[in-house]
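The structure appears below as structure tokens.
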Amino acid sequence: MSLTAEEYVAAVDGLAGLGHSGGMIYDALIVACARKAKASRIYTLNPRHFRLVAPDLAARIVEP
């Protein structure tokens with residue numbers, strides 16, 4: 002699954018609007034792809050960052 006240019010910009014702008022930057026941008030892009038794909042689980046070794054980026058998906062964010 003890939004993001005359109007508009008979706009990419011929206012994900013980055015949304016994160017910047019929350020005051021986050023740096024590596025969390027990658028987390029936001031991964032979450033945006035997972036959201037678009039309607040993923041039932043999002044596996045990460047850094048669940049805290051992913052939950053900050055997408056608190057509405059917290060139940061789906063798990064460590065492997």
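Just so we're aligned, residue 2 is where the sequence shown starts under the numbering used here, counting upward by one. Ideal placement from N, C-alpha and C gives every residue a C-beta, glycine not left out. It should be emphasised that the depicted structure is a prediction, and the values quoted were computed from it without experimental measurement.
Counting along the chain, the unbroken alpha helix (DSSP H) around Lys37 starts and ends at 25-37. Of the candidates Lys37, Lys39, Ile31, Ala38, Ile31 places its Cα closest to the Cα of His50.
The bridge partners DSSP lists for Tyr9 come to none. With respect to Ile62, Thr45 sits close: the two C-beta atoms are nearer than 9 Å.
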